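Sequential numbering of the sequence shown, starting at 1, is according to the numbering used here. In this text, a Cβ means the ideal position worked out from N, Cα and C, and glycines have one as well. Since this is a predicted model, take the numbers as computed values, not measurements.
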Amino acid sequence: MPDSLISAPSSEFLDKLTAIVGEKGIVSDPQARAFHETDWRGFVLGRAAAVVKPGSVEEVSAVVALCDQHGVKIVPQGGLTGLMGAGVPVRDGDEIVLSLARMNRIIEVNPTAYTMTVEAGVVLQTIQETAATHDRYFPISLGAQGSCMIGGNLSTNAGGATVLHYGNTRSMVLGLEVVLPDGRVWDGLRSLKKDNTGYDLKDLFVGAEGTLGVITKAVLKIFPKPKDVATAWLAVPDPKAALELLSGARIAADDNVTSCELMHQLGLDGIYKHIPGTQPPLQDRHTWQILMEWSSTRPIPPDGASGMQPRMEAYLADCMEKGLVQDAVIAQNEAQAGAFWKIREAHAEAGRHDDPACSFDISVAVEKIPSFIEACNAACEKAVPGLRPRPMGHMGDGNLHYTFSAPAGIKDRAGFAPMVKVLDRIVHDMVSEADGSISAEHGIGSVKLLELEHYRSQTELDVMRAIKKALDPKGIMNPGKVIRVDPDEPVRDGSTIR
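See below:
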């Protein structure tokens, strides 16, 4: 948006903002502010008029009401680990960043009812560890779990490695507390599994990426802690074999397959090169590899014969005879299983150090994955000679992080960007033709806003705009993200970012 159309907040507004949150709630150090104005990869840059960290829902409410009165835009922010730019300012100076980092309390754990109530700034790993101390389990598992915050997970409806068995973040929510765009607080912190009293309001805010309000608290589901876990690293001849392997595993494990992650050797090469402490689980190179986990909440039986590991061993032995598995290693302890997961979760970090690449967060029906990969690879390699496809992801739920390394002669992102524009249309068109989704778990943010407008029907866009206008008539909540009401809202070119 041209600078002439941007009006920075007045000094009066900034003084009132400081009075609400106090000096400790204002981020003034330039280096600290810079952290809040860019994504973790350093690809999406912005400039905020102020960065505030309220310490309570009352302060959040007062800040939002002040912004509503003065027409100042708000960018809600969690741990800044997102990949679509949803937590970064886009308007160069007339937005404030509202970080939930100080609101980081575990309010209540109820092991009997299997619930936990938390503030939005609690780090995901803290929730996992707190559940574990009560012999319970919170299943959302992400590579960024040591720094991402639950408010951001909720706002983006994060997925992760256990969606196959437990569902995504939306499935974990019983109740929410949300500050609405006019500053009012909606208290929906109920721990009810059944509540059929009209519209389910919480589902409006989960996945809305801060465009409809600010999530401040949540009542989450927790689960029995797995007691018997078997983790295997496998080589398979191709994705078709991987699909057949997964289908049979669900029966062999009594539907206790909690993860099935597909990986490509090219992506693994980058991890072993750039991430210390990682090494190949298998001796030989294999184009396609799988990380699979089975888990049960029952203790390992005394004789061990009917536990997850011996059952997995028997199943994989049968699969090797059928040619579905070429090689396999089953983790013998938690440390080895952890080493397997470290490799899987290092893909994003390794990508920061590798050759220029772009990645698509897509989903198709699970049974379509093998044919989709074959057709998409062929189309993209034809359009961009020398391209190196390396699709990987959560195969068990149909979510692929379809990554392409640039041709060998391309050494910078700027040189790759025109090719990414071509790949955008090829991949997303093919996803659309397969009745899939152009964003499986990363959300839309600013990066995919135009893509959403291109692929969603006019009816769907009209409904989303109507919801946005109804809840946020002044358009102050996270402008330029997810859905545009004003056609003049600034939009980032996603191909220059990915």
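Name the residue from the options whose alpha carbon lies nearest to the alpha carbon of residue i.
i: Val219; options: Ser439, Glu129, Thr117, Gly82; result: Thr117
i: Gly46; options: Val75, Pro54, Ser28; result: Val75
i: Lys240; options: Pro370, Ala49, Phe360, Glu12; result: Pro370
i: Ile410; options: Arg425, Ala32, Arg388, Lys474; result: Arg388
i: Leu80; options: Leu204, Gly151, Asp435; result: Gly151
i: Glu244; options: Val72, Ser171, Lys368; result: Lys368
i: Phe223; options: Glu451, Asp429, Glu129, Ala383; result: Glu129
i: Ser7; options: Glu293, Val72, Arg33; result: Val72
i: Ala161; options: Ser439, Glu95, Ser259, Ala65; result: Ser259
i: Met84; options: Leu164, Asp488, Val447, Glu453; result: Val447
i: His428; options: Tyr455, Ala414, Arg413; result: Tyr455
i: Asn168; options: Thr156, Gly175, Arg184; result: Thr156
i: Asp412; options: Ala357, Val491, Glu441, Asp284; result: Ala357
i: Arg170; options: Leu212, Lys221, Cys380; result: Lys221
i: Glu441; options: Pro281, Phe138, Gly207, Pro490; result: Gly207
i: Gly93; options: Pro181, Ala48, Ala331, Thr459; result: Ala48
i: Ala314; options: Ala253, Gly445, Asn196, Arg41; result: Ala253
i: Gly270; options: Ser405, Ala131, Ile96, Trp288; result: Ser405
i: Pro281; options: Gln458, Met312, Trp341, Arg311; result: Trp341
i: Val366; options: Lys481, Arg33, Val163; result: Val163
i: Gln69; options: Ile251, Glu12, Val27, Val109; result: Glu12
i: Gly183; options: Ile96, Ala65, Asp472; result: Ala65
i: Val355; options: Phe205, Arg390, Thr297, Arg311; result: It should be pointed out that residue 355 corresponds to Asp in this sequence rather than to Val. Nearest of Phe205, Arg390, Thr297, Arg311 to Asp355, Cα basis: Arg390.
i: Tyr137; options: Ala158, Tyr166, Gly159; result: Tyr166
i: Pro490; options: Lys322, Ala32, Gly445; result: Gly445
Taking Cβ positions, are residue i and residue j nearer each other than 9 Å?
i: Leu17; j: Val63; result: yes
i: Leu154; j: Val179; result: no
i: Leu100; j: Val44; result: no
i: Ala113; j: Gly78; result: no
i: Ile290; j: Leu268; result: no
i: Leu98; j: Pro54; result: yes
i: Gly82; j: Asp39; result: yes
i: Gln336; j: Thr231; result: yes
i: Ile107; j: Lys217; result: yes
i: Ser363; j: Asp397; result: yes
i: Ile215; j: Leu176; result: yes
i: Pro385; j: Ser295; result: no
i: Leu450; j: Ile483; result: no
i: His36; j: Val21; result: no
i: Phe360; j: Ala434; result: no
i: Gly87; j: Gly213; result: no
i: Gln309; j: Ile330; result: yes
i: Val507; j: Arg105; result: Here the chain has residues from 1 to 498 only, and residue 507 is not among them.
i: Gly307; j: Asp228; result: yes
i: Ser191; j: Thr133; result: no
i: Trp186; j: Ala242; result: no
i: Leu471; j: Leu266; result: no
i: Asn399; j: Gly42; result: no
For the alpha helix (DSSP H) that contains residue i, what are its first and last residues?
i: Pro239; result: 239-252
i: Gly175; result: Counting along the chain, Gly175 falls outside any alpha helix (DSSP H), though it belongs to the beta strand (DSSP E) covering 173-179.
i: Gly409; result: Where Gly409 is concerned, there is no enclosing alpha helix (DSSP H), given that its DSSP letter is neither H nor E.
i: Glu321; result: 308-322
i: Thr18; result: 11-21
i: Leu98; result: Not the alpha helix (DSSP H): Leu98 falls in the beta strand (DSSP E), residues 95-99.
i: Thr126; result: 124-133
i: Leu452; result: 449-455
i: Ala337; result: 334-345
i: Val60; result: 57-70
i: Gln31; result: 30-35
Using 8 Å for Cβ pairs, my map puts residue i next to residue j. What's the rounded Cβ distance?
i: His286; j: Asp238; result: Contact doesn't hold; Cβ gap of about 10 Å is too wide.
i: Val236; j: Leu324; result: 7 Å
i: His401; j: Met392; result: 6 Å
i: Pro407; j: Arg91; result: Not a contact, Cβ separation roughly 36 Å.
i: Met430; j: Cys376; result: 5 Å
i: Lys474; j: Val485; result: Incorrect: roughly 10 Å between the Cβ atoms, too far for contact.
i: Ala339; j: Met292; result: Rounded, the Cβ-Cβ distance is 15 Å, inconsistent with contact.
i: Ile426; j: Ala383; result: 6 Å
i: Pro181; j: Met477; result: 5 Å
Where do the ends of the beta strand (DSSP E) carrying residue i lie?
i: Val463; result: Looking at the DSSP string, Val463 is not in any beta strand (DSSP E); the run it does join, the alpha helix (DSSP H), is 458-471.
i: Met116; result: 115-119
i: Val485; result: No beta strand (DSSP E) contains Val485, which DSSP labels as neither H nor E.
i: Cys358; result: 357-363
i: Asp228; result: 228-236
i: His394; result: 392-394
i: Gln77; result: 73-77
i: His264; result: 257-264
i: Glu108; result: 106-110
Do residue i and the ligand MG come close, with the Cβ less than 8 Å from some heavy atom?
i: Val97; result: Ligands in the displayed structure: none, and consequently the ligand MG is not present.
Three or more beta-carbon pairs under 8 Å between the region 196-204 and the region 131-146, yes or no?
-> The answer is no - the region 131-146 does not touch the region 196-204, with fewer than three Cβ pairs under 8 Å.
Count the CB pairs spanning the region 346-365 and the region 262-275 that are closer than 8 Å, and state whether there are at least three.
-> yes
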